[in-house]
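2 protein chains.
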Amino acid sequence: MAKIRPLSGFPEWLPEQRLVEQRVLDEIRARFESYGFAPVETRSVEPLEQLTSKGATDKEIYVLRRIHAGEGDPDTGFGLHFDLTVPFARYVMQHRGELAYPFKRYQIQRVWRGERPQVGRYREFTQADIDVVDLDSLSLSFDAEMPRLLAETLAALPLPPVVTGINNRKVLEGLYRGIGIEEVTPVLRIADKLAKIGADNVRRLLGEECGLSVTQADTCLAAAQIRSTDTSFVAAVRALGVTHELLDEGLDELAFVMGELADLPAGSVVADLSIARGLDYYTGTVYEAVMPSRPELGTVCAGGRYDNLVGGSGNVRLPGVGISIGVTRMLAPILAKKQLAASRSVPTCVLVTLPADEARGVARDVTRSLRARGVPTETYHAPAKFGKQLKYAQKRGIPFVWFVPTDAAAPHEVKDLRSGEQIVADPAVWSPPDADLRPSIVRSGAG
Amino acid sequence: MAKIRPLSGFPEWLPEQRLVEQRVLDEIRARFESYGFAPVETRSVEPLEQLTSKGATDKEIYVLRRIHAGEGDPDTGFGLHFDLTVPFARYVMQHRGELAYPFKRYQIQRVWRGERPQVGRYREFTQADIDVVDLDSLSLSFDAEMPRLLAETLAALPLPPVVTGINNRKVLEGLYRGIGIEEVTPVLRIADKLAKIGADNVRRLLGEECGLSVTQADTCLAAAQIRSTDTSFVAAVRALGVTHELLDEGLDELAFVMGELADLPAGSVVADLSIARGLDYYTGTVYEAVMPSRPELGTVCAGGRYDNLVGGSGNVRLPGVGISIGVTRMLAPILAKKQLAASRSVPTCVLVTLPADEARGVARDVTRSLRARGVPTETYHAPAKFGKQLKYAQKRGIPFVWFVPTDAAAPHEVKDLRSGEQIVADPAVWSPPDADLRPSIVRSGAG
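Heads up: the protein sequence lines correspond to chains P and Y, in order. Reading the first sequence from the start, the letters are residues 1 to 447 in my numbering. Reading the second sequence from the start, the letters are residues 1001 to 1447 in my numbering.
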């Protein structure tokens, strides 16, 4: 057998860790569905020209080659997708006559990036995305629905709190244009680095690279420092004294979104004018979420409004808005440190012991009866000593052990291995407490 | 935007189809967990030497190359896995000190094969596997547990009936050796083709390619025609008059497995001595399941006992047994023909209409209240005409529409769009019938 080793950047888990990941994914899916988002999965590959056409040429894409390909035909022309937005845009265009608009979909899948692995960066990881697209124009209500659903979903997960920052590209663009900046994109890119490189470096770069005057740069920096948990950011921007039509539009949109979210728990969303997002295709609202207790993880969820990503050929226009949850990015460091784990390493709630080979039939009947009532149950596979059978249950954290009588007249008994309590039980009616049916998620002290 | 097109061999579904696939996968997972199998996912890639070391050199593997790789470094050395057994064997070896034995795991993931697509063959598809491995030796009980769990799982799916054929390599090998055949593998390979090429061709090839006498070939063919739904196959094999130690062992094992399964519904399992399985690593029990109503799909589930696949280095020995369900192979043709579909294209059970912008707050409260009771609910995004809002629900098959009063003193009402019945309802207590909470699976006539 070939060398056995972990591959850097390709996380893998033991069952007790996978049970946590699975619970997190189930919870995310349930929340997405409670809002009426429909499930979609796309193929894992896209034609390379698709993957590289949306400003993603700097992405490290994995290209596929058939192992038996001939000399002259090295690649298939397909690459593994590096996010779920580009495949979704393609999916919508491909099926656009078969979908009902506004089309709300969620998509939870693995994505791949051929990056050099480092802290918080993976080469294979899972994202959970929600997006809405509509024909011609898309209601701003959806820009507000995204962070609401995100906040509700994240609050339901066994993870540290996450704060979602919201901005609007039109606010920044309008502001820049209002102070006479013509080339907006490079300014956006530099302003986006504020948290990483600090105000002094941003000011210097805005001068050196974009030719901004000190006054212009100071206005950009002053804007980037505006944050509010309500709509008071509007007054703060107005106080900068800049006017521009696009700025007004952006402020109206962002104020609507923040107003719609006023009932969310304090601290879950914040208007944050420093957020620009690197990707070209955002045209309005942008989102960027962080875990304040784990700043080293960086952005854990992100997204925004893209009015021109889908469509673009002829007169088809399908504006969209979406958010992506970086499931692996949030969860992997916590799982790796075992700060969360499942209460047992198997789904099994009851182990039915086997006292003798002759009891296989009875043990099977008990097992079937428990399973039929939704209780995950195993029969021990051989009539081994009871000590060995108990150890099987203990080692896996299985909470209950069932004793099948060898004498048909004797009663069945069930034992709670945690309390040690053992009672007579009827296999046709006994059920464990609901809380024991599935493994629960246990936080360790360091979590 | 690049050319938009489906890629042959990479199936993709509309939401109403994906809802069916998801329901099938949920059901499979629930059954696997009810038997205590623990969830595992492995990374999608394995080192190429791993993928090609287990008799799989004829597999068309997709190799990964970074798009920005240098001239001298064309490949990463990783390939996408083509099944879930090889990655599982690697996973067990890698984590062998951290697992509890016997280790029962299930794994539901996509796999990839760079094959030329044809009917029933895909380049990306989903498999659902169960396997058990143990240290040193593995109880034969598990050989019987596999087809039991498989039969129960398949019976719970909205699919045509599946019959699982069971054989034991030791029966065939013992029989072959008992009639003086020394090179068993080529005979197994040819015998395995019986269903495809017919008895005459098998007889001819056994003579031409393996040098078998007519009497030897006839015995092989006579054995391959033995089938029984109980343990009567033993007498039929004995009647061939061949004796060999390995044959006795195989017959005992297969009789035990069939005996353990005697309580399964008639026709779900059959001892079928024509089954050989192509893969080298099987050492005992082998399984092969077909859908009699869809013979063109070929083998839809398969597996077997492998005593030497895991381990092999030094004195580590981890015998295993497993079965793989070809989810895509079974489901894709049925989904493609729309013989199964979801009763609605969205998870949404209730659409809360929006009579006016001022009602957003009330509509949101109703929506939140319904969601909190587990009812997937959407608020219509804009105060459009009621006709338009109703059409939104109808187009998606959403069963209930909620009417928010514009006058605070007026009552809320809810309408069942199917019956037309409209009633006064209290948002704090009303719930739909349980059957309407999730989309149901609908069979079309042709199914």
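We put the CB at the ideal spot given by N, CA and C, even for glycine. Keep in mind the model is a prediction, meaning the values are calculated, not measured.
**OP:** Return helix, strand or coil for I1423 of chain Y, following the three-state DSSP convention.
**Re:** In the structure shown, the three-state DSSP call for I1423 of chain Y is strand.
**OP:** Could you check which residue in P:T377, P:Q394, P:V442, P:A384 has the C-alpha nearest to that of L998 of chain Y?
**Re:** For chain Y, the structure presents residues 1001 to 1447; residue 998 of chain Y sits outside this window and is missing.
**OP:** Assess, as a yes-or-no matter, whether the region 1297–1314 of chain Y is touched by the region 1185–1194 of chain Y under the definition of 3 or more beta carbon pairs within less than 8 Å.
**Re:** The region 1185–1194 of chain Y makes no contact with the region 1297–1314 of chain Y; the number of CB pairs closer than 8 Å stays below 3.
Subject >> Residues that Q339 of chain P contacts on chain Y, provided the C-beta gap is smaller than 9 Å >> reply: Within 9 Å of the CB of Q339 of chain P, no CB atom of chain Y is found; the nearest one sits about 18 Å away.
Original post:
Taking 8 Å as the CB-CB cut-off, is Q127 of chain P touching chain Y?
Top reply: Answer no: the Cβ-Cβ gap between Q127 of chain P and chain Y never drops below 8 Å.
Subject >> Contact set for S44 of chain P: own chain, Cβ-Cβ below 7 Å, skip 5 residues either direction >> reply: Around S44 of chain P: L80, H81.
Original post:
Quick one: is H1381 of chain Y buried, meaning 16 or more other Cβ sit within 10 Å of its Cβ, or exposed?
Top reply: H1381 of chain Y counts as buried, since no fewer than 16 other beta carbons sit within 10 angstroms of its beta carbon.
Subject >> Integer Cβ distance of A1214 of chain Y from I1226 of chain Y, believed to fall under 8 Å >> reply: One detail in the question is off: residue 1214 of chain Y reads as Val in this sequence, not Ala. With 8 Å as the limit, V1214 of chain Y and I1226 of chain Y do not qualify as a contact, their Cβ atoms being about 19 Å apart.
**OP:** Write down the C-beta distance between L1297 of chain Y and M1330 of chain Y rounded to the nearest angstrom, noting that I regard them as a contact closer than 8 Å.
**Re:** Indeed, because the Cβ distance is near 7 Å, the residues count as touching under 8 Å.
Subject >> the region 1140–1166 of chain Y: positions lying closer than 7 Å to chain P by Cβ >> reply: From the region 1140–1166 of chain Y, only S1141, F1142 have a Cβ closer than 7 Å to chain P.
Original post:
By DSSP, does C1349 of chain Y sit in helix, in strand, or in coil?
Top reply: Correct three-state label for C1349 of chain Y: coil.
**OP:** Rounded to whole angstroms, what's the CA-CA distance from I1108 of chain Y to R90 of chain P? Just pull it up for me.
**Re:** Whole-angstrom Cα-Cα distance: 26 Å.
Original post:
Quick one: does V40 of chain P have its CB under 8 Å from some CB of chain Y?
Top reply: When Cβ-Cβ separations below 8 Å define contact, V40 of chain P makes contact with chain Y.
Original post:
By a C-beta neighbour count over all protein chains shown, 10 Å radius and 16 as the cutoff for buried, is V429 of chain P buried or exposed?
Top reply: Exposed.
Subject >> I1451 of chain Y: first and last residue of the uninterrupted alpha helix (DSSP H) it sits in >> reply: Because chain Y is modelled from 1001 through 1447, residue 1451 of chain Y falls outside the range shown and cannot be assessed.
Subject >> Residues that S1228 of chain Y bridges to, as DSSP identifies them >> reply: Y:A1271.
**OP:** Using beta-carbon positions only, say whether F256 of chain P and L140 of chain P come within less than 8 Å of one another.
**Re:** Yes, these two residues count as a Cβ contact at 8 Å.
**OP:** Pull out every residue of the region 97–118 of chain P whose Cβ sits closer than 8 Å to any Cβ of chain Y, in chain order.
**Re:** Residues E98, L99, A100, P102, K104, R105, R110, W112, G114.
Original post:
With DSSP run on the structure shown, which of helix, strand or coil describes I1166 of chain Y?
Top reply: Strand.
**OP:** Give the DSSP-derived three-state secondary structure of V1429 of chain Y in the structure shown.
**Re:** When DSSP states are grouped into helix, strand and coil, V1429 of chain Y belongs to the coil group.
Subject >> Any 3 or more C-beta pairs closer than 8 Å across the region 1122–1137 of chain Y and the region 1155–1162 of chain Y >> reply: The region 1155–1162 of chain Y and the region 1122–1137 of chain Y do not touch, with fewer than three beta-carbon pairs separated by less than 8 Å.
Subject >> Other residues of its chain near S8 of chain P: CB distance less than 6 Å, five sequence neighbours each side excluded >> reply: For S8 of chain P, where only same-chain residues beyond five positions count, the Cβ hits under 6 Å are P117.
**OP:** Have a look at T126 of chain P and E245 of chain P and give me their C-alpha separation to the nearest angstrom.
**Re:** Roughly 40 Å between the two C-alpha positions.
Subject >> Residues sharing a beta bridge with V132 of chain P, DSSP >> reply: Answer is P:K104, P:V321.
Subject >> Chain-ordered neighbours of R79 of chain P on chain Y, where CB pairs are closer than 9 Å >> reply: According to the sequence as given, residue 79 of chain P is Gly; it is not Arg. Those are I1067, listed as they occur along chain Y.
Subject >> Interface residues of chain Y facing Y35 of chain P [CB-CB closer than 7 Å] >> reply: By Cβ distance, chain Y contributes E1378.
Subject >> Validate contact between the region 1326–1343 of chain Y and the region 1004–1023 of chain Y using beta carbons, cut 8 Å, 3 pairs >> reply: Yes, the region 1326–1343 of chain Y touches the region 1004–1023 of chain Y.
**OP:** Please list the partners that T468 of chain P has in chain Y, where partner means a Cβ-to-Cβ separation under 7 Å.
**Re:** Chain P is shown from 1 up to 447; residue 468 of chain P falls before or after that span and cannot be answered.
Original post:
Is the beta carbon of V1202 of chain Y less than 8 Å from the beta carbon of L1194 of chain Y?
Top reply: A contact, by the Cβ cut-off of 8 Å.
Original post:
Listing by chain order, which chain Y residues have their CB less than 7 Å from the CB of S527 of chain P?
Top reply: Nothing can be reported for residue 527 of chain P, as the shown portion of chain P is limited to 1 through 447.
Subject >> Reduced DSSP category for R203 of chain P - H, G, I as helix; E, B as strand; rest coil >> reply: The answer is helix: DSSP assigns R203 of chain P an H, G or I state.
Original post:
Just the Cα atoms here: how many angstroms apart are D200 of chain P and P1411 of chain Y?
Top reply: Annotation: D200 of chain P to P1411 of chain Y spans about 60 Å, alpha carbon to alpha carbon.
**OP:** Under 9 Å between beta-carbons, which chain Y residues line up against E464 of chain P? List them in chain order, please.
**Re:** Only positions 1 to 447 of chain P appear in the structure, and residue 464 of chain P is not among them; the question remains open.
Original post:
What number of angstroms, rounded off, separates the C-alpha of V1401 of chain Y from the C-alpha of P433 of chain P?
Top reply: Roughly 37 Å separates the two Cα atoms.
**OP:** Please confirm if Q1389 of chain Y has its CB atom under 8 Å from at least one CB of chain P.
**Re:** No, because no Cβ of chain P sits closer than 8 Å to the Cβ of Q1389 of chain Y.
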